[in-house]
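Worksheet for the structure shown next.
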Amino acid sequence: IELQVRIQGGASYDVACFGLDLNGQLSDDRFLIFFNQLSSPDNCINKLPSADGIEKFSFNLQGLSSHVKRLVITVAIDGAGAMSDVAGAGVALLAGGTQIATFALTGRDFGGENAVMLAELYFKDVWRFSAVGQGFNGEFSALLKHFGGEETAAPPTNTTNASADSSHESGFMAETETVSMWHQLEI
Numbered sequence: 048i049e050l051q052v053r054i055q056g057g058a059s060y061d062v063a064c065f066g067l068d069l070n071g072q073l074s075d076d077r078f079l080i081f082f083n084q085l086s087s088p089d090n091c092i093n094k095l096p097s098a099d100g101i102e103k104f105s106f107n108l109q110g111l112s113s114h115v116k117r118l119v120i121t122v123a124i125d126g127a128g129a130m131s132d133v134a135g136a137g138v139a140l141l142a143g144g145t146q147i148a149t150f151a152l153t154g155r156d157f158g159g160e161n162a163v164m165l166a167e168l169y170f171k172d173v174w175r176f177s178a179v180g181q182g183f184n185g186e187f188s189a190l191l192k193h194f195g196g197e198e199t200a201a202p203p204t205n206t207t208n209a210s211a212d213s214s215h216e217s218g219f220m221a222e223t224e225t226v227s228m229w230h231q232l233e234i
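Per this note's numbering, the sequence shown starts with residue 48, numbered consecutively.
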């Protein structure tokens, strides 16, 4: 399975995958995959090289460590900016090179959030895909805290564009809508 993330805007964006346990927690930080940690210890979650503004992850769901029950794909602004400044973004899920699910969003879907849970793969009898689109204030650190992780160094810095301008608050944007779409995966 491959998942692709495309995001266009004037900020620098960090795309990550959180490998979470049954309680939705990052119980092992080696399952946080991003530009500075490209693979999980079981090599079943991998961040692939970016190309043409597309961030890519590959997943071997059958070989994945048994404690990982959710794979949450996130994007966070590195530095100043807000998700409302995003010109366009999208997630595509591919199986065997064939696109099986997509999810598109724009800055109009957000307010001043600095980070977003884009989508997740989760295990509930079978692996399923769900578009999420849930925003957070507080950049990458808010996502890390939400998933039970601890920040030990500066948040990741990245890869994708220039920067914009906005102030940041800590915390979760409770009024953000969750998109209810899921797709059962045949693997």
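Even for Gly, the Cβ is constructed at its ideal location relative to N, Cα and C.
- Note on geometry: alpha-carbon atoms of Pro96 and Glu102 lie some 7 Å from one another.
- Beta-bridge pairing by DSSP links Asn93 to Ser86, Ser105.
- Looking only at Phe106, Gly154, Asp156, the smallest Cα-Cα distance to Leu141 is reached by Phe106.
- The segment 141 to 150 makes no contact with the segment 71 to 88; the number of CB pairs closer than 8 Å stays below 3.
- In this chain, the beta strand (DSSP E) harbouring Phe170 covers 162 to 171.
- DSSP, read as helix, strand or coil, puts Ser74 in coil.
- In this structure, Ala162 is the residue among Glu197, Phe176, Ala162, Gln55 with its C-alpha nearest to the C-alpha of Val122.
- Inclusion of Val138 and Ala98 in the CB contact set at 8 Å is not warranted, their separation being larger than that value.
- Closest by C-alpha distance to Val173, out of Gln109, Gly100, Gly56, is Gln109.
- Arg53 and Leu79 have their C-alpha atoms spaced approximately 19 Å apart.
- The continuous beta strand (DSSP E) containing Glu49 extends over residues 49 to 55.
- Inter-residue distance for Glu198 and Gly100 is about 27 Å (C-alpha atoms, whole angstroms).
- In the structure shown, the three-state DSSP call for Ser131 is helix.
- Excluding the 5 residues flanking it on each side, Ala136 has same chain C-beta neighbours closer than 6 Å at Ile54, Leu152, in chain order.
- Sorting Gly143, Gly185, Gly144, Ala129 by C-alpha distance to the C-alpha of Gly159 places Ala129 at the top.
- Residue state for Leu69 is assigned as coil, using DSSP reduced to three classes.
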